[in-house]
Each structure stands twice: as structure tokens, then as C-alpha cells.
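Visitor: This is the structure I have questions about; it appears just below.
Residue numbers (the working numbering): 17 to 344.
Here it is as C-alpha cells:
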């Protein structure tokens with residue numbers, strides 16, 4: 017296959033991954049708002065998709081593509097197009113499997129797992145990335161628990177009805193912040209993969225994300241978000257813990273704070289894992305027994321399996337493509 021045609025195929029598959037990232041991770045931003053009836057599902061998805069687009073474009077154009085640069089250092093430009101395609105196919109397949117099962121696994125973990133073979137050449141950046149992925153969910157859990165505990169102590173004498181109305185209103189803002197943060201962090205991973213493909217084929221001289229790549233990636237994740245991932249929304253919004261407006265707002269606020277902090281330092285964290293950890297932390301502050309630990313155990317199992325499973329699928333995809341005679 018001619019190199020430029022293979023490059024076009026790589027870009028299209030990367031945008032396909034970005035789309036699945038969007039609809040897979042919609043739940044991160046809107047599950048809590050929908051489950052507490054702060055927003056209707058249709059309005060929540062629309063707002064989330066617009067802010068995913070805004071977060072991706074604004075963060076990269078005005079604050080640099082730090083997360084993309086980190087992903088780029090993992091692969092160290094040594095991956096050919098077939099390796100990149102295989103990695104994307106492996107990540108997409110895992111996204112679709114976990115979406116079908118309703119498990120909020122991580123698109124970031126899937127992509128990093130699928131690219132991990134190429135990471136040997138840049139072990140420091142690889143392990144820094146893995147460490148940020150591992151640490152961020154418990155940080156979200158602890159922050160949400162602490163924040164919710166303080167909130168309960170301060171407002172324990174308040175009347176439930178007016179407090180719930182206030183927190184539902186606040187959830188619109190915190191849900192918007194999660195959506196913006198998701199676009200800012202997650203869309204950069206697809207930008208990195210497309211830019212790597214452009215460098216590998218000599219279309220650009222160095223790793224620097226072009227503006228057209230920013231706009232394409234941001235649009236793909238926004239359309240994916242609008243498509244919605246209702247299976248995972250049910251898991252996050254109802255099955256782990258029956259959220260009320262206060263716990264929903266707390267989970268969204270602390271989750272968004274962790275993601276924004278990581279984005280500023282160029283750390284590619286998993287929005288899914290951070291928000292899930294925050295939901296569990298907010299629920300734990302009320303009563304540990306209220307959490308559905310069986311569902312939580314299934315989610316943790318998916319977390320553990322994501323990197324090796326996506327890596328295995330990428331290996332199989334590469335073997336098939338290589339056998340078919342594709343080079344690059």
C-alpha cells in the first residue's frame with residue numbers, strides 16, 4: 017500500500033478511536049447530572065459535546081499540547097504506520113468490548129497499553145505515564161471523600177429541599193467542567209498519534225501538533241460524546257452508588273480538579289478512572305455499605321486488564337496486518 021494512502025488510513029482510524037473515546041467517556045461528564053436529574057440526558061450530552069470540543073481546542077492552542085508531547089515521548093517516533101494502526105485497532109476493540117459490557121474502563125489505558133511495545137525505547141516517559149494513570153483514581157477517591165465529609169459537616173443542619181436545588185444547579189457547572197477537562201486531556205492523545213504518523217512519514221519535520229490535527233481530533237471526540245455511551249452512564253450514575261445532588265456535585269468537582277491538574281503538567285490520566293474513583297469516594301463519605309462493592313470489583317478488574325488486553329489485541333492486529341503484507 018502506498019505510504020500516503022497508509023497515512024490517510026492511519027488518520028481515519030485515529031479519528032475512529034477518538035470517536036469511541038468520546039462516546040465511551042460521555043458517562044464521566046454527565047452520569048451524575050443525569051442520575052440526580054440536574055439535567056435532562058439530551059441537554060447534558062449536548063453541553064458535554066460542545067465543551068469537549070472547546071476543552072480540546074482551547075487547551076492546545078493557548079496552553080500547549082503537553083499531554084500530546086508526553087504520548088509522543090513514549091513512542092519516541094520509532095513506530096511505523098502499521099504499528100500505530102495496530103495500536104489504534106487494539107484500543108478501539110477494547111473500548112467497544114467494555115462499552116458493550118457497560119464497564120467504565122479507560123480509553124487512555126487502552127491506548128497506552130496498545131502502544132506499550134514501542135515504549136521500551138523511552139522507558140522513563142512510559143513509566144511516568146503509567147504512574148499517573150495508577151495514582152489518579154485513588155487521588156480522586158480521597159479528594160471526593162474529604163470534600164464531601166467537610167461539606168456534610170458544614171451543611172448538616174440545612175434543609176434538604178433547598179440544598180438539593182442548589183446542588184442540582186451547581187452540577188450543571190461542575191458537569192461542564194468535567195466535559196471541558198475531558199476534552200483538554202483525552203483529545204490530545206489522538207492528536208499525538210496522528211502527529212506521530214505525520215512524523216513517521218516525513219510529512220512534518222518534528223513532533224509539533226498541527227492546527228488541523230487539533231480541530232479534527234476535537235471534532236471527533238465531540239461527535240463521539242454526542243453519540244453517548246448510555247450503558248456506562250447507567251453504571252456510573254446508578255449502579256455504583258445512588259447519587260444525590262450533593263454527592264454528584266462533589267464527584268464532578270473533585271474529578272475535574274484532578275484532571276485539570278494532570279493536564280497542566282502534561283500527564284495523560286484516565287478521565288473514566290478519576291471520575292469513577294470520585295463517585296466512589298463521594299459515596300463512601302456517606303456510608304461505606306451504600307457502595308455496591310461487587311460492581312466496583314468488576315470495574316477494578318477491567319482497569320487491571322485494560323493495558324495488557326489492549327496490548328494483546330494490538331499485537332494480534334499487527335500480526336494480521338504484517339501477514340497481509342502492509343509495511344510502514
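Where is the CB? At the ideal position from N, CA and C, for every residue including glycine. Computed from a prediction, not measured in an experiment: that's the story for all the values here.
Are the CB atoms of residue 261 and residue 87 nearer to each other than 8 Å?
Guide: no
Visitor: Spell out a yes or no on whether the segment 283-302 and the segment 36-50 are touching, meaning 3 or more CB-CB pairs, one atom from each, closer than 8 Å.
Guide: yes
Visitor: Thinking C-beta only, is residue 23 closer than 8 Å to residue 217?
Guide: A contact, by the Cβ cut-off of 8 Å.
Visitor: Secondary structure at residue 114, three-state DSSP: helix, strand or coil?
Guide: Three-state result, residue 114: helix.
Visitor: Where does residue 260 fall in DSSP's three states?
Guide: coil
Visitor: For residue 170, does the count of other Cβ atoms within 10 angstroms reach 16, so buried, or fall short, so exposed?
Guide: exposed
Visitor: Please return the same chain residues whose Cβ sits closer than 8 Å to the Cβ of residue 62, not counting the five positions on each side in sequence.
Guide: 242
Visitor: Could you give the first and the last residue of the continuous alpha helix (DSSP H) run that contains residue 200?
Guide: 176-216
Visitor: Run through DSSP, which three-state label would residue 35 get?
Guide: helix
Visitor: By DSSP, does residue 80 sit in helix, in strand, or in coil?
Guide: For residue 80, the secondary structure class from DSSP, reduced to helix, strand or coil, is coil.
Visitor: Identify the continuous alpha helix (DSSP H) that holds residue 54 and give its terminal residues.
Guide: From DSSP, residue 54 is part of no alpha helix (DSSP H); its letter is neither H nor E.
Visitor: Taking only the alpha-carbon atoms, compute the straight-line gap between residue 53 and residue 184 and give it to the nearest angstrom.
Guide: Each residue's Cα considered, the two are about 8 Å apart.
Visitor: Touch check for the segment 147-164 and the segment 261-273: three-plus C-beta pairs under 8 Å?
Guide: yes
Visitor: May I ask which residues mark the beginning and end of the alpha helix (DSSP H) holding residue 237?
Guide: 227-243
Visitor: Under the three-state reduction of DSSP, which class applies to residue 338: helix, strand or coil?
Guide: helix
Visitor: In angstroms, rounded to a whole number, what distance separates the CA positions of residue 79 and residue 173?
Guide: 43 Å
Visitor: In terms of residue numbering, what span does the alpha helix (DSSP H) encompassing residue 128 cover?
Guide: Note, residue 128: alpha helix (DSSP H), 123-131.
Visitor: Would you call the segment 192-201 in contact with the segment 97-116, where contact means no fewer than 3 C-beta pairs closer than 8 Å?
Guide: no
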